[in-house]
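Engineer: The structure that follows is given in the form of structure tokens.
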Amino acid sequence: MMVLVHERTMRLAGKDTVFRDLFSQKKYLLQMYQALHPDDTTIKEDDLDIVTLKSILMNGIYNDLGFMVRGSQLMILVEAQSTWSSNIIIRSLMYLVETYQDYFRENKIKLYGSHKVDLPKPELYVIYTGDKGSHPDILSLKDEFFPDTDCCIDVKVKVIYLQDSDDIINQYIGFCRVFNEQVALYGRTLTAAKEIIRICRDRNLLKEYLREREKEVEEIMITLFDQEYIWNLERDSIRSEAFARGASEKQTQVVLNMFRRNMAVDDIADISGSSVEEVKEILKNAAVLH
0 MMVLVHERTM RLAGKDTVFR DLFSQKKYLL QMYQALHPDD TTIKEDDLDI
50 VTLKSILMNG IYNDLGFMVR GSQLMILVEA QSTWSSNIII RSLMYLVETY
100 QDYFRENKIK LYGSHKVDLP KPELYVIYTG DKGSHPDILS LKDEFFPDTD
150 CCIDVKVKVI YLQDSDDIIN QYIGFCRVFN EQVALYGRTL TAAKEIIRIC
200 RDRNLLKEYL REREKEVEEI MITLFDQEYI WNLERDSIRS EAFARGASEK
250 QTQVVLNMFR RNMAVDDIAD ISGSSVEEVK EILKNAAVLH
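Taking our numbering, I'd label the letters of the sequence shown as residues 0 to 289.
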């Protein structure tokens, strides 16, 4: 079985990086699997192999965490999301396709032969850290984007909301809510980071992880708070200069600078005020020139 986990977007970088760090450790990864499949008590830490997608700069297809469960024919992809959007279905599909491609390459599976290949069965999840409200339990690509039509493809994503449980998924959602509360009170500061850790430990939210990694988690949050502040300044400056100068040359330089920092195309487009197509064209021309 293969499992992929993702929490996206620069604006949530502190929670994003804690998510990746938490589930890069096998004991917490196993707890996530057990929360999704409580009836399966046979899987051990040694049965889990991390296969995280890496950032692919030209198309921005990457996720935060992926893992295979040995001996199973089940593939699970999980994305954490704090802002509701039906587009999470499309992103989940993109992660699934990219992960299948990696799986085929690594296992030297030939898709153009006559023999039917073994294909892990996918399960798609979104961990939604906001309030459930009227949001559905299942998101369907066909129902959301092609209702009342005969569509040749459908993708269904199960949405996980905060529940009355102390499993690792609910603890992470609780951590995200404490994070939001303390940042609202203290801003993106060391005080906020320390309060997030203190409150979560008092409430038994990721308590063991935070006890083991307290200093590292503080450093993660502070580093990313500072980084986000700098990026916000750059974004505001870039947009002001672009508006004042019209600015094809400046836009190109800005895009290339962010590209050299290994930023994804979607993030470059958002910060620079360019479209994704403009960013890709600039990168394509730069590759030809250099």
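We put the beta carbon where it would ideally sit given N, CA and C, even for glycine.
What you are looking at is a predicted structure, and each value in this text was computed from that prediction instead of being measured.
Where do the N-terminal and C-terminal ends of the beta strand (DSSP E) with Tyr124 fall, by residue?
Structural biologist: As a first step, residue 124 is located in the sequence shown; it is residue number 125 there, counting from the start. Here the beta strand (DSSP E) through Tyr124 covers Lys120 to Tyr127.
Engineer: Measure the C-alpha to C-alpha separation of Lys283 and Met257 and round it to an integer number of angstroms.
Structural biologist: Residue numbering aside, residue 283 sits at position 284 when the sequence shown is read from its first letter. Residue numbering aside, residue 257 sits at position 258 when the sequence shown is read from its first letter. Looking at the two C-alpha atoms, the distance is approximately 15 Å.
Engineer: Helix, strand or coil, according to DSSP, for Ser139 in the structure here?
Structural biologist: By 1-based counting over the sequence shown, the position of residue 139 is 140. Ser139 falls in the strand class under three-state DSSP.
Engineer: According to DSSP, is Asp48 helix, strand or coil?
Structural biologist: The residue given as residue 48 occupies position 49 in the sequence shown. Reduced to three states, the DSSP call for Asp48 is strand.
Engineer: In terms of residues, what are the limits of the alpha helix (DSSP H) holding Met31?
Structural biologist: Taking the sequence shown and counting its residues from 1, the one referred to as residue 31 is at position 32. Residues Lys25 to Leu35.
Engineer: Output the boundary residues of the beta strand (DSSP E) element that contains Gly65.
Structural biologist: Stepping through the sequence shown from its first residue, residue 65 is reached at position 66. Leu64 to Val68 is the extent of the beta strand (DSSP E) around Gly65.
Engineer: For Ser71, does the count of other Cβ atoms within 10 angstroms reach 16, so buried, or fall short, so exposed?
Structural biologist: In the sequence shown, counting from the first residue as 1, residue 71 sits at position 72. Looking at its Cβ environment, which holds 16 or more other Cβ atoms inside 10 Å, Ser71 is buried.
Engineer: I need the DSSP call for Leu76, collapsed to helix, strand or coil.
Structural biologist: Here the question's residue 76 lines up with position 77 in the sequence shown. Leu76 falls in the strand class under three-state DSSP.
Engineer: Quick one: Cα of Arg104 to Cα of Leu110, how far?
Structural biologist: Along the sequence shown, read from residue 1 onward, the residue named residue 104 stands at position 105. Along the sequence shown, read from residue 1 onward, the residue named residue 110 stands at position 111. Each residue's Cα considered, the two are about 10 Å apart.
Engineer: Since Ile159 is in the beta strand (DSSP E), which residue starts that stretch and which ends it?
Structural biologist: The residue labelled residue 159 in the question sits at position 160 within the sequence shown. Run containing Ile159: Lys155 to Ile159, per the beta strand (DSSP E) assignment.
Engineer: Keeping to the same chain, check which residues put their C-beta closer than 6 Å to that of Arg69; ignore five residues upstream and five downstream.
Structural biologist: Numbered from its first residue, the sequence shown carries residue 69 at position 70. Answer for Arg69: Asp46, listed in chain order.
Engineer: Within this structure, are the beta carbons of Asp130 and Lys157 separated by less than 9 Å?
Structural biologist: If you number the sequence shown from 1, residue 130 lands on position 131. If you number the sequence shown from 1, residue 157 lands on position 158. It is not a contact, given that the beta carbons lie outside the stated cut-off.
Engineer: Sort Thr98, Arg259 and Ile49 by Cα distance to Leu29 and report the nearest one.
Structural biologist: As a first step, residue 29 is located in the sequence shown; it is residue number 30 there, counting from the start. Nearest of Thr98, Arg259 and Ile49 to Leu29, Cα basis: Ile49.
Engineer: Between Arg19 and Leu64, what straight-line distance do the alpha-carbon atoms span, to the nearest angstrom?
Structural biologist: For the purposes of this step, residue 19 is taken as the residue at position 20 of the sequence shown. For the purposes of this step, residue 64 is taken as the residue at position 65 of the sequence shown. Just so you know, the alpha carbons of Arg19 and Leu64 end up roughly 6 Å apart.
Engineer: Looking at C-alpha atoms only, which residue of Val216, Tyr124, Glu211 and Phe174 is the closest neighbour of Arg202?
Structural biologist: For this step, residue 202 is matched to residue 203 along the sequence shown. Here the closest residue by C-alpha is Phe174.
Engineer: With C-beta atoms as the reference, is Ile172 less than 9 Å away from Leu138?
Structural biologist: In the sequence shown, counting from the first residue as 1, residue 172 sits at position 173. In the sequence shown, counting from the first residue as 1, residue 138 sits at position 139. No, these two residues do not count as a Cβ contact at 9 Å.
Engineer: If you check the beta carbons only, do Val182 and Leu92 fall under 9 Å apart?
Structural biologist: Here residue 182 is taken as the residue at index 183 of the sequence shown, counted from 1. Here residue 92 is taken as the residue at index 93 of the sequence shown, counted from 1. No; because the gap between Cβ atoms is not below 9 Å, this pair is not in contact.
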